[in-house]
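Below is one structure, written out as structure tokens; comments come after it.
2 protein chains.
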Amino acid sequence: MTEGQKRGPTSADKVLGVLSLFTAENPVWSPERTARRQRVSLATSYRYFNTLVASGMLEKLNRNQYVLGPAIVELDRKVRAADPVLKLAQPVMERLLRRLREPAAILLCRYYRQKVMCIHQETNRSGEPVSSYERGALRPMFRGATSKVILAHLPPRTIVNLWRDHRRDIVANGMGPGFEDFKANLRTLRREPVNVSSSEVDEGRTGIAAPIFDASGRVNGSLSIVLLSSPASTRVVERLSIAVQAAAREIERSRGNAAGQD
Amino acid sequence: MTEGQKRGPTSADKVLGVLSLFTAENPVWSPERTARRQRVSLATSYRYFNTLVASGMLEKLNRNQYVLGPAIVELDRKVRAADPVLKLAQPVMERLLRRLREPAAILLCRYYRQKVMCIHQETNRSGEPVSSYERGALRPMFRGATSKVILAHLPPRTIVNLWRDHRRDIVANGMGPGFEDFKANLRTLRREPVNVSSSEVDEGRTGIAAPIFDASGRVNGSLSIVLLSSPASTRVVERLSIAVQAAAREIERSRGNAAGQD
DNA sequence: ACGAAATTCTCACATAGTGAGAATTAGGTG
DNA sequence: CACCTAATTCTCACTATGTGAGAATTTCGT
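Residue numbers (the numbering used here), protein chains in the order written: chain X, 1 to 262; chain U, 1001 to 1262.
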């Protein structure tokens, strides 16, 4: 475990790194600003932009303005088409949703880079925002039913890494103060077939989540019901808990696979 | 116009090139197969895969199996969030759809790489496939209302390039046989505020499409209604034509922008 | 058509990407 | 649980190629 030689980022790393500068708040970048940010020359920055534009990952909007490009849209379609879990889950999610009377959303989520990402959302509230937790959106790992139910079943390696990197956050969410406490909390979570959490992510929302496992028993993600209105009666929660569980089982039954490292 | 020196693909080009190997039919690739395909050594191919996995663009599924990764999902969300046309169009599309009684889909499309790409689809047929023309899907440039209405308004440069690269296809779709004929056909298309085409893409479907222009008068894309059932009465088509036009205008009114080169 | 800013080009240099093969790791199997 | 094979990483020498500085050129708004 003695530090291996640190290898500098490769050229392609830096090119791909450009993409991660683009965010919802900052969707437009210029080669100049990027050059400064990445500590490369302006010429090099232009070279990066050109290869990214050539591949369609970026698109030139105007003179000095580049945005994320259409190749990404095309690629995401392929991701959807190739995702076996999504393919199996979607009809199950639709059916589950159709049984609900209250305004709600059904979420399919997965672990990604120490966070949880939404893969698919079905909602019965057409038009307006039920949950901003839509495909591609990330949520914290330690709050909300959707996340916690995944967290609880992550492999030990990953748990250790999470503790190493997010100790403060874990403690702040009442899963501390020590590593042993954290593990004990996860053990407790694992005992319950579903997790129910209220107002942990969005005020007033209640999440009811069940884990989805792959053929070899690893957590593949989670399926959850998000209720718009604050906690209904206990009986309703119980009914819905059984429903998500059943749906998760149904998805598992047709055994797909997907990955998830840290 | 004497050939400039051909510059070989840069390293990053080749790394990004790996992504384009992944398709719906062939969603899983190994470093080995990729190495042969790209004419690089196995070691280099592994290096490519590693940088792509590190960035999340690829994901290791199993031993020798890599698939497109979650970073793409995350990026597409940012693309959606940053797309001003989409943001404006979506509510308009929903409203338009709500007025239709017949099973239908509303499509928002754009030009991309000598093809037309779907940006968003709204449908009133929940569950089952109304149109496989969903976000990220590509369609031929010379068939279907959705495409033709964009084609008609592309800038001259692009038209020339299309003729150069797809003469055969253009002629096969009855827009030939010469370049002058092609241009004449486009002129005719431009005269009509909407285009109506039946069974050109999918058997039995009818598309009614209107172009969307940006602030400086360039085609930004198209808005179209796709009817599931074969051609209704002329009166219905006329009513819908007026509706798409109105919707397209409405989108334009709140002036967004987007790009589109060849 | 003009002028300023954006973008590409040139070129010499050294970094860093490359291939061949050895070394190591990982996963399935008996 | 240890083996065996295939997958993956590592080493290293070499040279291709990515890089920065600045000049040349193009682009676009006015």
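Glycine included, every Cβ here is placed at the ideal spot set by N, Cα and C.
Residue i and residue j closer than 7 Å at C-beta
i	j	result
V1018/U	Y1048/U	yes
E1200/U	R1125/U	no
G1069/U	L1061/U	no
A1145/U	V1092/U	no
I159/X	I212/X	no
R139/X	S131/X	no
L108/X	A137/X	no
P1103/U	A82/X	no
S1011/U	A12/X	yes
A1172/U	K78/X	no
Proximity to residue i [Cα-Cα], best of the options
i	options	result
Y133/X	R33/X, A43/X, R113/X and A105/X	A105/X
E74/X	S1229/U, L1107/U and Y1112/U	Y1112/U
P84/X	A137/X, E200/X and A215/X	A215/X
L189/X	V226/X, V149/X, R164/X and I159/X	V149/X
F22/X	V1015/U, S1011/U, E1025/U and R1080/U	R1080/U
N1220/U	R1110/U, R1063/U, E1025/U and D1165/U	R1110/U
S1241/U	S1230/U, I1225/U, Y1066/U and G1174/U	I1225/U
S1254/U	Q1065/U, N1064/U, K1087/U and K1014/U	K1087/U
T1123/U	R1007/U, L1228/U and P1156/U	L1228/U
R187/X	V67/X, P156/X, V116/X and R235/X	P156/X
S230/X	G217/X, S198/X and R239/X	S198/X
E1192/U	R1036/U, V1067/U, E1238/U and R1007/U	E1238/U
Host beta strand (DSSP E) of residue i (start-end)
i	result
L16/X	Element bounds for L16/X: not the beta strand (DSSP E) but the alpha helix (DSSP H), S11 to L19.
Q1114/U	It is not in any beta strand (DSSP E) - Q1114/U carries neither H nor E in the DSSP assignment.
Y1224/U	The sequence given here has Ser at residue 1224/U, not Tyr. Per DSSP, S1224/U belongs to the beta strand (DSSP E) from V1219 to L1227.
N62/X	L58 to N62
Own chain residues within Cβ distance below 8 Å of residue i, not counting five before or after
i	result
L162/X	Q114, M141, L151, L154, I170 and D262
R135/X	C118, I119, H120 and Q121
G1176/U	R1167, I1170 and F1182
K1014/U	Q1038, V1040 and Y1048
E32/X	L42, S45 and N64
D165/X	Q114
R7/X	none
Chain-order list of residues whose beta-carbon lies under 6 Å from that of residue i (same chain, five-residue window excluded)
i	result
T2/X	Low confidence applies here, because T2/X scores a pLDDT of 38, under 50, leaving its location unreliable and the question unanswered by this model.
A210/X	V194, L223, V244, Q245 and A248
P1009/U	none
A258/X	The predicted position of A258/X is uncertain, since its pLDDT is 43 and thus under 50; no value can be drawn from it.
D1202/U	none
G1256/U	Because the pLDDT at G1256/U is just 43, under 50, the model does not fix this residue reliably, and the value given afterwards should be weighed accordingly. Cβ neighbours of G1256/U beyond the five flanking positions: P1084, V1085 and L1088.
Bounding residues of the alpha helix (DSSP H) (the contiguous stretch that carries residue i)
i	result
V265/X	Only positions 1 to 262 of chain X appear in the structure, and residue 265/X is not among them; the question remains open.
M141/X	From DSSP, M141/X is part of no alpha helix (DSSP H); its letter is neither H nor E.
R93/X	It should be noted that the sequence gives Met, not Arg, for residue 93/X. It spans P84 to R98 - the alpha helix (DSSP H) in which M93/X sits, taken as one unbroken run.
Q1065/U	Counting along the chain, Q1065/U falls outside any alpha helix (DSSP H), though it belongs to the beta strand (DSSP E) covering Q1065 to L1068.
V236/X	T234 to R253
N1185/U	F1179 to R1191
P1211/U	From DSSP, P1211/U is part of no alpha helix (DSSP H) but of the beta strand (DSSP E) over T1206 to F1213.
N1195/U	Premise fails: N1195/U lies in the beta strand (DSSP E), N1195 to S1198, not in any alpha helix (DSSP H).
S30/X	Per DSSP, S30/X belongs to no alpha helix (DSSP H) and is neither H nor E.
R47/X	L42 to S55
beta-carbon residue i near the ligand MN non-hydrogen atom, thresh 6 Å
i	result
S11/X	In the structure shown, the ligand MN is absent, as is every other ligand, since no ligand is present at all.
Cβ shell of residue i (< 7 Å), same chain only, five flanking positions each side left out
i	result
T1034/U	V1018, L1021 and S1045
N1185/U	M1175
Q1065/U	V1028 and S1030
E94/X	E122
Legend entry - Contact the region 1048-1064 of chain U vs the region 1091-1098 of chain U: 3+ CB pairs below 8 Å: The region 1048-1064 of chain U is not in contact with the region 1091-1098 of chain U.
Inset, instruction - Please confirm if the region 1177-1189 of chain U is in contact with the region 1199-1206 of chain U, defined as three or more CB-CB distances below 8 Å between the two stretches. - result: Contact between the region 1177-1189 of chain U and the region 1199-1206 of chain U is absent, because fewer than three Cβ pairs lie under 8 Å.
Inset, instruction - Would you check if the region 32-41 of chain X and the region 72-86 of chain X touch, i.e. whether three or more CB-CB distances between them fall below 8 Å? - result: With the cut-off at 8 Å, the region 72-86 of chain X and the region 32-41 of chain X do not touch.
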